[in-house]
Every structure is written in C-alpha cells, then in structure tokens.
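Have a look at the structure below before the remarks.
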Amino acid sequence: MKRRDFIKGVGAGSVATAGMVGGIQTATAAKTIKWKMVTSWPKNFPGLGTGANFLAKTINEMSGGRMKVKVYGANEIVPALEVFDAVSRGTAEMGHSGAYYWKGKHPATQFFTSVPFGLTAQEMNGWLYHGGGMALWEELYDKFNLIPNAAGNTGVQMGGWFNKEINSLSDLKGLKMRIPGLGGEVLKQAGGTPVTLPGGEIYTSMQSGAIDATEWVGPYNDMAFGLYKVAKFYYHPGWHEPGSTMEAMINKDAFNKLPKDLQVIVRAACRVANQDMLADYTAKNNQALQTLITKHKVEMRQYPDDVVKKLHALSNDVVAKVGEHDALSKKIYTSFSEFKNNVAQWSRVSEQAYMKARALV
1384 MKRRDFIKGV GAGSVATAGM VGGIQTATAA KTIKWKMVTS WPKNFPGLGT GANFLAKTIN
1444 EMSGGRMKVK VYGANEIVPA LEVFDAVSRG TAEMGHSGAY YWKGKHPATQ FFTSVPFGLT
1504 AQEMNGWLYH GGGMALWEEL YDKFNLIPNA AGNTGVQMGG WFNKEINSLS DLKGLKMRIP
1564 GLGGEVLKQA GGTPVTLPGG EIYTSMQSGA IDATEWVGPY NDMAFGLYKV AKFYYHPGWH
1624 EPGSTMEAMI NKDAFNKLPK DLQVIVRAAC RVANQDMLAD YTAKNNQALQ TLITKHKVEM
1684 RQYPDDVVKK LHALSNDVVA KVGEHDALSK KIYTSFSEFK NNVAQWSRVS EQAYMKARAL
1744 V
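End of the sequence shown sits at 1744 in this note's numbering; the numbers just go up one at a time, nothing left out.
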C-alpha cells in the first residue's frame, strides 16, 4: 500500500510539475513584447527598407524572442512623412526615417541627418557617439516623447539627376528639385524651388514634369527607382548630404516600460544597424554605378568648382540661421560646428591625404 501510495504521489507531483512548467511557458509567451516599426521607405526597399528590416531582426534575435518588432513600409499604417507623429503619439513604438524630414517640428532636427558641406559618415558617428551629439539629439526629441537613435548611414550621396547641364549657379534658378532638409534651403537661396517628396513619389513626379530635377541617395538606391529613365545627367558630388544618418526613433513611454536589459539590447541593435547600413552602401554603390554607366548609358557630370564654392557660401549662411532659432538650436549648431572644424584638421591629414595619395597610383 505504501509503495502504491508513493507511486501515486510521484505521478501527481509529475502532473503538477508539468502543469507548472506549462504555466511558465504560457506566461513567457504571453509576455512577448510586440512592437510596430513604421518607416518612410517603400517596403523592403534596398538599403533603407532592408536596413529597417535588419534592425528589427537584430532586436528580435538579441532579445531571444522576448521582443518581436514588425516592420511596416510607407503607407502600410501611416504615410512616409507622418512617421514622426505616429511614434510620438504611440500609434507605433518605433519609426525608421531621416530627421531632416521633421524640420517643421523643429528646424534643428536637420542637424541629425546631414548638413551641406558638413560631416562625413565617419565624422558624424564621432560627433554623435563621442562628441556630445547624441545627448543634444535626445534633448531635442524629449519634448516630443521620443528617444532618437542613429540606425544607418548612406555615406556621401550623389548630387542629383537633371535633364540639363549645370554650368553656373544661374542654371539652378527656377529649377523645381526634390531636395529635402538644409540642402533644399540652400537651393532656395540659389533661386531654385525645393520640393520635399517621399521616395516612392519621385519617379512619377519626374516623369510627369511636376519636378525638374531630383536627388535621392546614390547609385544603389537611384537605380532601384529607375531614375535613369527620367533624367539624362547624373551629378556629383553630393554637397548637400555628405554622410546622411538614418534614425530609429522610439516612443519614450514604450521604451521606459521595457526591462533594463531589453533597453540595452534595443540601443545596441541600433548601433549595429548603423554600421551595417554604411557597409551595405559602400559595397553596393560601386556595383550600381558601373551598371548605370555601362548598361544604361547614364552621363556623369561634376558640378563646376565655382558652383560648388557659391553653394558652400550659401550653405554657411543657411546653417548659421538655423542656429539662431532658439537656445537649443544654438547649442546644437555650436557643438556641430566646433566638432566639424576640429575633426577637419585630422581628416585632412588622414582620410583626405590618403585618398589623394591613392589616386596618384
């Protein structure tokens, strides 16, 4: 009897243990944190869209499945240029975009994507991570209930697509060009008309004549949109975007609800994605450029030096004016400018000097 009672007890205990384990598993599954990431890019678009996918996948895997971030392309939940508001109000927990699209919210947001004749990708990362830039970005976004993160960089972009040659600054007068951010303000000072459009609308706008010219990113992305079909000349250098940082903005309330280890994982994943996107563009741009030239017979053009010098002078005035908007803008402008001036001394004897030496061979 005692032996039978013991076996029954063991059996009952096993059932109880199994139920408890099942309960833990169920509880764990129930605690999976599901986030939506809305983006300003067409779904799965090369570089930008796939960069958002990479970030989501990295968070999911680094969290061991405790988080599941699902990516939505432009217009799947919100339009491309409404990502900021959607994340700010909590419609989505994350957004993947470019900070210069939000200049209507605050002019200083533009410093955190790219500044004409400003920082390269490598220099931008130096300012953000070790030059005080991130702290200023967080201070700026805090009033919008957002936490910003650098989450990608395209590197130096191309100057744009035109159907006429640009031989002097006067050729820019009256030109309707898709060019966002501070670059657009510089074009305006040069007599052109800047137009802000999401990527998905560029091709049809060029095709219909709604705009006369456009910049997008570089060969990798420009070829994907087929811009070589609607414009004849491809200009460089991309004076307006020398190292464009993409952002992963996070709803502050959603972030604060995460356990500390998941907060660290999300932040770390953004830094991984920031580096990976730059590597992707570096690898793919040259391949696409060769295809544009050899297969699609695109005519490459370089902006004349005097045009570049005049654009540079206009840029200095435009950027300085943004720094006058309010006290925080002044802080950001001062930090950015001082870092640029200081790092330029090193870049001249390192990257710039090396590139010049390599070109001699």
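All C-beta atoms, glycine included, are put in the ideal place defined by N, C-alpha and C. All values derive from a computational prediction rather than experimental measurement.
Nearest to L1565 (by Cα), restricted to the options A1740, K1704, V1726:
Closest option to L1565, Cα to Cα, is K1704.
Would you grab the beta carbon distance between R1449 and L1645 for me? Rounded to a whole angstrom, and I think it's under 8 Å.
In this structure, R1449 and L1645 form a Cβ contact; the two beta carbons are roughly 7 Å apart against a cut-off of 8 Å.
Status (buried if at least 16 other CB within 10 Å, exposed otherwise) for P1351
Since the first residue shown for the chain is 1384 and the last is 1744, residue 1351 is missing from the structure and cannot be characterised.
Which residue's Cα is closest to the Cα of T1415: N1443, S1423, T1422, F1428?
Proximity to T1415 across N1443, S1423, T1422, F1428 peaks at N1443, based on C-alpha coordinates.
Is DSSP giving E1506 helix, strand or coil here?
Looking at E1506 - three-state DSSP - the assignment turns out to be helix.
Which residue comes first and which comes last in the alpha helix (DSSP H) that contains Y1618?
Bounds of any alpha helix (DSSP H) do not take in Y1618; it lies within the beta strand (DSSP E) bounded by 1616-1619.
Pick from N1669, P1620, Y1484, P1499 that is closest to M1541, judged by C-alpha positions:
Minimum Cα distance to M1541 is reached at P1620.
In the DSSP output, what is G1478 paired with across the bridge?
According to DSSP, G1478 shares a beta bridge with V1421, M1632.
Would DSSP call W1544 helix, strand or coil?
Strand.
K1426 to I1585 span [Cα, whole Å]:
About 16 Å.
Would you list the one or two residues that DSSP bridges to P1499?
P1499 pairs with nothing; no bridge assigned.
For a test of the three-state rule: what should DSSP assign to F1472, helix, strand or coil?
The residue asked about is misnamed: residue 1472 is Arg in this sequence, not Phe. R1472: coil per DSSP, three-state reduction.
Measuring alpha carbon to alpha carbon, tell me which residue in V1613, W1599, E1548, A1740 is nearest R1684.
For R1684, the nearest C-alpha among the options comes from E1548.
Taking all protein chains shown into account, do 16 or more other C-beta atoms lie within 10 angstroms of the C-beta of D1663, making it buried, or fewer, making it exposed?
Buried: at least 16 other Cβ atoms inside 10 Å.
Determine the DSSP secondary structure at I1442, reduced to helix, strand or coil.
Here DSSP, grouped into helix, strand and coil, assigns I1442 to helix.
Just checking, does the stretch 1568-1577 make contact with the stretch 1666-1673 on the three C-beta pairs under 8 Å criterion?
They do not touch, by the three-pair rule.
Round the Cβ separation of L1519 and P1625 to the nearest angstrom and send it over; I've been treating them as touching at under 8 Å.
Contact flag wrong, Cβ pair sits at about 19 Å.
Among V1649, Y1455, P1602, G1487, whose alpha-carbon lies nearest the alpha-carbon of I1530?
Just measuring C-alpha positions, the residue of V1649, Y1455, P1602, G1487 sitting nearest I1530 is V1649.
Determine whether the beta carbon atoms of A1533 and N1668 lie at a separation below 7 Å.
Taking a C-beta distance under 7 Å as the contact criterion, A1533 and N1668 do not qualify as a contact pair.
Three-state secondary structure (DSSP) at G1402?
Since pLDDT at G1402 reaches only 42, below the 50 mark, its modelled position is unreliable, and no value is offered.
With DSSP as the reference, label V1578 as helix, strand or coil.
The answer is strand: DSSP assigns V1578 an E or B state.
In chain order, what residues of the same chain lie with their CB nearer than 7 Å to the CB of D1525, ignoring the 5 residues before and after it?
Residues of the same chain with a CB within less than 7 Å of the CB of D1525, apart from the 5 flanking positions on each side, do not exist.
Spatially closest choice to G1447 from I1594, S1698, A1652, T1677, by CA coordinates:
Here the closest residue by C-alpha is A1652.
Buried or exposed for S1627, going by 16 or more other Cβ atoms inside 10 Å?
That one is buried.
From the DSSP output, in three-state form, read off R1650 for me.
Secondary structure at R1650: helix, using DSSP grouped into helix, strand and coil.
Just confirm the distance between the C-beta atoms of H1489 and L1523, as a whole number of angstroms; I'd bet it's less than 8 Å.
Contact flag correct, Cβ pair sits at about 6 Å.
Going by beta carbon distance, what residues of the same chain come within less than 6 Å of V1690, once the five residues before and after it are set aside?
Excluding the 5 residues flanking it on each side, V1690 has same chain C-beta neighbours closer than 6 Å at L1552, in chain order.
Buried or exposed, going by whether 16 or more other CB atoms sit within 10 Å of the CB of G1574?
With fewer than 16 other Cβ atoms inside 10 Å of its own Cβ, G1574 counts as exposed.
Collapsed DSSP secondary structure at A1457 in the structure displayed
Looking at A1457 - three-state DSSP - the assignment turns out to be coil, as it is neither helix nor strand.
Of the residues F1500, A1740, F1527, E1459, which one's Cα is nearest the Cα of L1694?
Of the candidates F1500, A1740, F1527, E1459, the residue whose Cα lies closest to the Cα of L1694 is F1500.
Helix or strand or just coil, what does DSSP make of T1597?
In the three-state DSSP reduction, T1597 falls in the strand class (E or B).
Helix, strand or coil for G1514? Go by DSSP, reduced to three states.
Three-state result, G1514: coil.
I need the straight-line Cα distance from A1435 to G1583, nearest angstrom please.
The alpha-carbon of A1435 is positioned some 16 Å away from that of G1583.
Output yes or no for whether 7 Å exceeds the beta carbon distance between G1478 and M1589.
No, the Cβ-Cβ distance between G1478 and M1589 is not below 7 Å.
I need the DSSP call for L1529, collapsed to helix, strand or coil.
Strand.
Excluding sequence positions up to five away, which residues of its chain have a Cβ less than 8 Å from the Cβ of E1459?
Around E1459: V1421, K1426.
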